[in-house]
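Engineer:
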Amino acid sequence: MFVLEPDVEAVTAAVARAEILHLEDVQPEDWTPSGEWADLSNRYTGCLQRLGELLSALGIARPLRSQKAEADLHPSRDWRDIESGLAAIESSVSSWQNRLREAEHRLEHLKLGESQVQLLLPLEVPVEDLRGLRSQSLTVGFMPTENVSRVAAALFQIPFVLIPLQQRGGNTLVLASASSENAAVLERALKSALLEPIDVPVEAMGRPSEALGLLRREIQAVQRQIDEMHREREQLAGQFGSELANLSNRARADGKLADAIRHFPKHGEVFLITGWVPEDVVDQLKSAVEHAAGHAVAMEVLKPDRNRKQIPSLVRFPRWLRPFTDLVTTFGLSSYHELDPTLVVTVSFLIMYGMMFGDLGHGLLLLLVGLWLWRRHAGIGIMVCAAGTSGILFGFLYGAAFGHRILRAAWLHPMDGIWTILLTAVGGGVLLLNIGFGLNLVNAWRARDWPRFWVEKNGLTGIALYWVLLGGGLSVAFGVVPKYILLLAPVLGVVMWMREPLAKWIWGRHCAGIGEALTTGFFELFEAVTGYASNSLSFIRLGAFAVAHEGLSALVLKYSGGSWGWLVAVVGTVIVVGFEGVIVGIQALRLEYYEFFGRFFEGGGQPFIPLSLGTGGRNANVGVWV
Amino acid sequence: MSAFTYAASQGYIRARLHSRLDQVTWIRLLDCKTPADLALVLCQTHAASAVSQDGEVRLQVLRGEIASVAQALVRYLPGAARKLVSWYNRRFEIENLKTILRSVHYGLDPRRAARSLIPLRSNAETGAGAGPGHWEALLEAGSVAAVMEQLRGSPYAAPLEQAAERYRQEQRLFPIEVGLDLFYFRRLVQLIEALKGSDAAQAMLFLGRWIAVQNLIWAYRYRIYGGMSPEEILNYTLHRACGTGLETLRRVVLGAPLAGEAQRLGLHLPPGLSEIQSLSQIELQVEQERYRRAAAAVGRPLFDLGGALAFLLLLDAEVRDLAVIVEGNAVGLTGAEVARHLLRSIP
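Protein chains in written order, with my numbering: chain A, 1 to 626; chain B, 627 to 973.
1) Within its chain, find whatever has a CB closer than 7 Å to the CB of residue 82 of chain A; leave out the 5 residues flanking it on each side and keep chain order.
2) Count the other C-beta atoms from every protein chain shown that fall within 10 angstroms of the C-beta of residue 159 of chain A, then say buried if there are 16 or more, exposed otherwise.
3) Since residue 2 of chain A sits in a beta bridge, which residues does DSSP pair it with?
4) Can you find a CB in chain A that lies within less than 8 Å of the CB of residue 644 of chain B?
5) Is the beta carbon of residue 54 of chain A less than 8 Å from the beta carbon of residue 89 of chain A?
6) Return the residues of the region 578-594 of chain A that lie within a Cβ-Cβ distance of less than 7 Å from chain B, sorted by chain order.
7) Mind listing which residues of the region 852-868 of chain B have their C-beta closer than 7 Å to chain D's C-betas, in chain order?
8) Rounded to the nearest angstrom, what separates residue 188 of chain A and residue 161 of chain A at their Cα positions?
9) Count the other CB atoms, across all protein chains shown, that sit within 10 Å of the CB of residue 80 of chain A; report buried if there are 16 or more and exposed otherwise.
10) Out of A:433, A:402 and A:282, which one is the CA nearest neighbour of residue 344 of chain A?
11) Is it buried or exposed, residue 278 of chain A, if we count other Cβ atoms within 10 angstroms and call 16 or more buried?
12) If we ignore side chains and look at the alpha-carbon of each, how far apart do residue 654 of chain B and residue 493 of chain A end up?
13) Name the residues in the region 333-364 of chain A whose C-beta lies less than 7 Å from a C-beta of chain B; which are they?
14) If we ignore side chains and look at the alpha-carbon of each, how far apart do residue 226 of chain A and residue 103 of chain A end up?
15) Return the residue from the list A:504, A:419 and A:422 that minimises the CA-CA distance to residue 455 of chain A.
16) Nearest CA to the CA of residue 514 of chain A: which residue from A:421, A:498, A:586 and A:137?
17) If the cut is a Cβ gap below 7 Å, which residues of chain A does residue 894 of chain B touch?
18) Quick check on residue 142 of chain A: does DSSP put it in helix, strand or coil?
19) At a Cβ cut of 9 Å, what residues of the region 148-170 of chain A count as close to chain B, listed as they run along the chain?
20) Please report how far the alpha carbon of residue 837 of chain B lies from the alpha carbon of residue 867 of chain B, in whole angstroms.
21) Under 8 Å, Cβ to Cβ, is there at least one residue of chain B near residue 188 of chain A?
22) State the start and end residues of the unbroken alpha helix (DSSP H) segment that holds residue 534 of chain A.
23) Determine the chain B residues that contact residue 598 of chain A at a beta-carbon separation under 7 Å, and present them in chain order.
24) Please list, in chain order, the residues of the region 661-674 of chain B that have any C-beta partner in chain A closer than 9 Å.
25) Identify the residues that DSSP records as bridge partners of residue 265 of chain A: which are they?
26) Can you find a C-beta in chain B that's less than 8 Å from the C-beta of residue 194 of chain A?
27) Does residue 181 of chain A come within less than 8 Å of chain B when only Cβ atoms are used?
28) What do you reckon, are the CB atoms on residue 810 of chain B and residue 717 of chain B nearer than 8 Å?
29) Under a Cβ-count criterion, where at least 16 other Cβ atoms within 10 Å of its own Cβ denotes burial, should residue 98 of chain A be classed as buried or exposed?
30) Below 8 Å on the Cβ atoms is my guess for residue 829 of chain B versus residue 842 of chain B; work out the distance and round it to an integer in Å.
31) Along chain A, in chain order, which residues have C-beta atoms closer than 9 Å to that of residue 704 of chain B?
32) Along chain A, in chain order, which residues have C-beta atoms closer than 9 Å to that of residue 956 of chain B?
33) Specify the secondary structure class of residue 176 of chain A as computed by DSSP and reduced to three states.
34) May I ask which residues mark the beginning and end of the alpha helix (DSSP H) holding residue 392 of chain A?
35) Going along chain B in order, which residues have a C-beta closer than 9 Å to the C-beta of residue 331 of chain A?
36) Enumerated in chain order, which unbroken segments of the alpha helix (DSSP H) with a length of 4 residues or greater are wholly contained in the region 535-589 of chain A?
So, in structure tokens, the structure goes:
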């Protein structure tokens with residue numbers, strides 16, 4: 001957007017209110033950011049700092065965001081009102097602040113003196129005489145507590161005395177002494193251990209016991225002054241609280257706008273605002289901008305360059321799917337050219353979980369745990385509830401509750417149909433891998449990455465090889481597929497082996513020397529073929545865990561008779577639900593991340609964070625360059 | 627129970643390992659003649675995010691990505707290991723803090739300095755709470771005192787405040803930077819020492835040795851470059867550093883030769899090197915050794931902390947080697963010359 005200087009703050013405010021533009025820093029030749037706006041931005045940062053200090057000094061919590069304070073923003077001139085309002089409050093508060101600061105400082109100084117003089121109590125020598133030692137070097141001061149033993153270790157070459165006197169926060173008051181000839185070493189060691197020396201207060205006069213009495217009376221008097229000043233603080237907070245909140249909100253919103261504008265490149269009287277906006281709200285942005293400017297604004301809308309990697313990506317999730325987004329974002333945010341796999345991952349994760357954890361009773365317990373968690377942490381709670389529900393549904397299919405076969409299994413009892421469930425698990429895995437292959441084709445197509453689409457291990461050639469090898473395996477094992485299908489395997493293998501030279505020849509991609517490309521191509525082909533087999537067979541664990549779950553539950557059931565049987569039943573069930581519940585979750589996640597994501601998903605997307613007056617933004621999904 | 631959580635971390639690591647640069651890409655990178663060629667090759671890899679629109683390679687972006695990956699990985703680790711890896715991840719924050727302090731101290735242009743920052747996402751889990759905007763705002767603070775003020779309440783407030791008075795008196799960043807390093811490494815050593823069993827052994831292998839050598843290098847640097855007194859060197863180094871303790875440091879400050887101390891740590895320096903050359907040689911040897919161990923470790927299932935640490939070291943090594951290639955390319959070194967300084971061996 002090319003925005004005239006007089007319109008820039010109104011337009012930026014409108015864009016921030018709309019919360020639909022993710023700003024992008026660009027620096028065209030001959031365009032430079034405005035120094036004036038950099039100064040303004042710094043001014044607001046300074047104001048916010050001062051406001052923060054005032055709020056903190058008066059014990060007022062940081063104000064919540066207010067619509068009223070964000071209306072009619074003019075960052076180029078609002079700072080005057082904010083600074084004058086702030087200065088007026090500061091002048092009323094500053095005398096109180098200075099008095100409090102001085103009193104606190106004096107109190108600290110006197111207390112330090114008190115602790116030093118206390119050490120001198122055994123001496124019958126006037127304090128003022130100790131200040132003039134000749135053959136000894138004596139230093140008292142605070143140093144970081146962890147440095148006390150370190151400085152003692154560092155002084156290993158000289159005789160010295162180091163006495164920790166008292167701790168305050170992370171610091172310790174120490175008294176250090178050495179002979180005059182070693183004074184320089186002691187001083188270097190203390191300085192490098194970050195000691196801040198303190199002097200005995202000049203008020204401390206006479207013998208130590210007399211000096212201590214004097215200091216204590218002084219400390220009590222200063223403490224009374226400080227208590228009185230704390231009461232004054234409450235009055236000041238009541239007097240200035242609402243005005244400070246208003247100024248703080250306004251400074252925050254103006255500061256955000258000034259900070260955005262300072263980054264816009266400027267040429268003459270024109271600012272260039274560049275950023276990403278969801279395609280479906282381009283018109284909304286245009287009308288908001290033009291309404292704010294009061295006239296048409298030159299706006300160039302460009303589609304994203306396909307070769308560009310860093311395009312912010314946004315995904316709109318239906319409300320019900322949001323608790324499951326962590327399943328994908330934990331691995332990485334989908335990049336702009338990638339399809340977001342949250343829906344597929346959610347469905348497949350829950351199916352895999354239920355398959356391994358199928359039991360009406362255990363699923364119900366997990367559901368209850370999920371409901372309890374929901375109140376504390378909604379995201380995890382909902383996920384656990386869904387996993388429990390999946391366990392219940394598979395419990396119906398397996399006809400089991402707490403290890404009892406109480407129902408007729410709608411499908412099978414895992415221990416009675418081990419082969420069936422293992423083969424089903426592998427079949428499910430093959431299906432999921434093929435969904436991964438499909439998603440990879442879509443992602444490659446969107447990115448116009450043709451080698452990836454056609455000849456790579458998860459592209460069309462790879463998929464064909466996978467199916468030929470699968471068909472070959474079935475023909476050898478069951479004879480259900482004609483064996484000659486295997487003849488295709490070498491042809492597809494050669495295409496994959498020659499992947500790099502082909503990519504260079506057809507699409508002009510960079511290729512290493514032919515010998516090197518063929519050598520690496522061979523090993524990659526080998527890895528791909530073994531990967532197809534191991535990735536598919538990896539899903540066998542779904543069936544194995546289902547069988548193990550039923551076996552473990554039956555074991556608990558077997559030993560839950562007798563007088564202590566109830567204890568075995570309770571402990572056993574807790575172990576099965578708690579322990580196995582976690583394990584199957586991890587296994588399902590592992591299958592998603594390693595076997596499934598490895599086929600199509602890279603992640604590494606940049607989150608879409610629109611300019612806003614608050615801290616967050618809204619979600620959308622397809623961006624265009626403005 | 628920890629074996630199960632490590633199983634999850636293994637799944638994550640295995641999946642993530644695929645996005646590392648392969649051997650072919652490294653060869654291509656070494657073959658590049660110009661920075662533009664380099665950018666072109668990187669654009670075809672997962673490291674494309676580090677290539678800016680004008681073709682500049684910004685490795686800080688990749689460091690930010692490592693920090694994000696480590697943040698995600700931490701979720702799968704059990705208690706003590708989680709604390710260690712979270713803290714280890716703070717090395718990026720320390721690096722950013724130093725960049726900010728230097729920029730503010732020397733009055734550099736905040737906009738230019740911001741390009742040297744590692745883009746870190748906020749880390750609610752570790753309590754850092756500092757997103758990219760926050761780091762950039764610190765660059766605008768105007769003075770080192772203002773930076774410290776803005777960091778009040780953060781984990782770095784204490785070491786910064788402790789060094790504030792000396793900074794005020796001397797107007798040198800050295801006490802602050804040393805304070806930050808010691809704060810970071812002391813805690814790291816404590817967290818390693820808190821581990822038990824194979825986790826402790828793996829942490830010693832992958833981090834402990836690095837810390838020990840780092841500590842030795844500091845001591846020699848302060849002696850050789852800084853001409854510091856023994857008590858200063860001892861105050862600016864770690865007294866417990868997984869093998870380089872007080873005894874070693876006392877020998878160093880009293881003049882022990884570097885080659886002998888390196889040998890005690892199992893490092894053998896070629897004869898005829900000056901102490902300054904030996905320091906860089908030691909650094910390279912240890913990094914190469916750590917890389918080899920990490921590469922060997924991720925190849926086999928490790929249901930302890932070793933897998934996670936090895937994985938993170940490999941990611942670090944990748945960026946470190948990329949940095950060597952980028953710099954070598956910029957000054958016109960040949961691929962063979964650059965390859966000698968890499969952690970990995972390229973045929």
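Ideal Cβ positions, reconstructed from N, Cα and C, are used throughout, including at glycine. Remember, it's a predicted structure, so these values are computed and weren't measured experimentally.
Structural biologist: So, to answer that:
1) 47, 247, 250 and 251
2) exposed
3) A:272 and A:298
4) yes
5) yes
6) 582, 583, 586, 589, 590, 593 and 594
7) Absent here is chain D; the protein component of the structure consists of chains A and B.
8) 15 Å
9) exposed
10) A:433
11) buried
12) 25 Å
13) none
14) 7 Å
15) A:504
16) A:498
17) Per Cβ cutoff of 7 Å: no residues; residue 894 of chain B is ~30 Å from chain A at best.
18) strand
19) 149, 150, 151, 153, 154, 155, 156, 157, 158, 169 and 170
20) 6 Å
21) yes
22) 514-538
23) 641 and 644
24) 666, 667, 669, 670, 672 and 674
25) A:33
26) yes
27) no
28) yes
29) exposed
30) Wrong, their Cβ atoms sit about 19 Å apart, outside the cutoff.
31) Per Cβ cutoff of 9 Å: no residues; residue 704 of chain B is ~12 Å from chain A at best.
32) Those do not exist, as residue 956 of chain B stays about 21 Å from chain A at its closest Cβ, beyond 9 Å.
33) strand
34) 378-398
35) 638, 641, 642 and 698
36) 540-558 and 565-574
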